[in-house]
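Participant: Dropping the structure in here first, questions after.
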Amino acid sequence: MTANGDLKDYALEGDEWDRVEHMCKLLEPFEHATRMLSASKSHTTVNMTILSYNRLIDKLEDFADIKLNPTCPQDL
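Numbering of the sequence shown is given in my numbering, commencing with residue 94 and proceeding in unit increments.
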């Protein structure tokens, strides 16, 4: 909720917060990979890139499996 009445229409409600939480969990590995690959002092190696890519694909597949579960909000 907001103190400003003009912003009340934009306040998130319970199910919307759940969607935001799911999206944050989905995006977290991408932030980690971006920081790791960007932090390389000289250059990013192919091995680092492939490892990061594979981890991201695994995370996306895990997220897709969760999304197909009927207990998960369907319109993420």
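We treat Cβ as the ideally placed atom computed from N, Cα and C, and that holds for glycine.
None of these values were measured; they are calculated from a predicted model.
(1) Note down the Cα distance separating LYS152 from LEU144, rounded to an integer number of angstroms.
(2) If you compare alpha carbons, which of ALA132, ALA126 and VAL139 is closest to ILE150?
(3) In chain order, what residues of the same chain have a beta carbon less than 8 Å from the beta carbon of CYS117, not counting five sequence neighbours either side?
(4) DSSP on THR138, reduced to helix/strand/coil?
(5) Quick check: what's the CA-CA separation for TRP110 versus ALA104?
Facilitator: If we stick to the structure as given:
(1) As a first step, residue 152 must be located in the sequence shown, where it is residue number 59. As a first step, residue 144 must be located in the sequence shown, where it is residue number 51. Cα to Cα, the separation comes out at about 12 Å.
(2) For the purposes of this step, residue 150 is taken as residue 57 along the sequence shown, with counting starting at 1. The residue with the shortest Cα to Cα distance from ILE150 is ALA126.
(3) Start at 1 with the first residue of the sequence shown, and residue 117 comes out as number 24. Excluding positions up to five away in sequence, the list is empty.
(4) The residue you call residue 138 lines up with position 45 of the sequence shown. Three-state DSSP puts THR138 in coil, outside helix and strand.
(5) Within the sequence shown, the letter at position 17 stands for residue 110. Within the sequence shown, the letter at position 11 stands for residue 104. One C-alpha to the other measures close to 10 Å.
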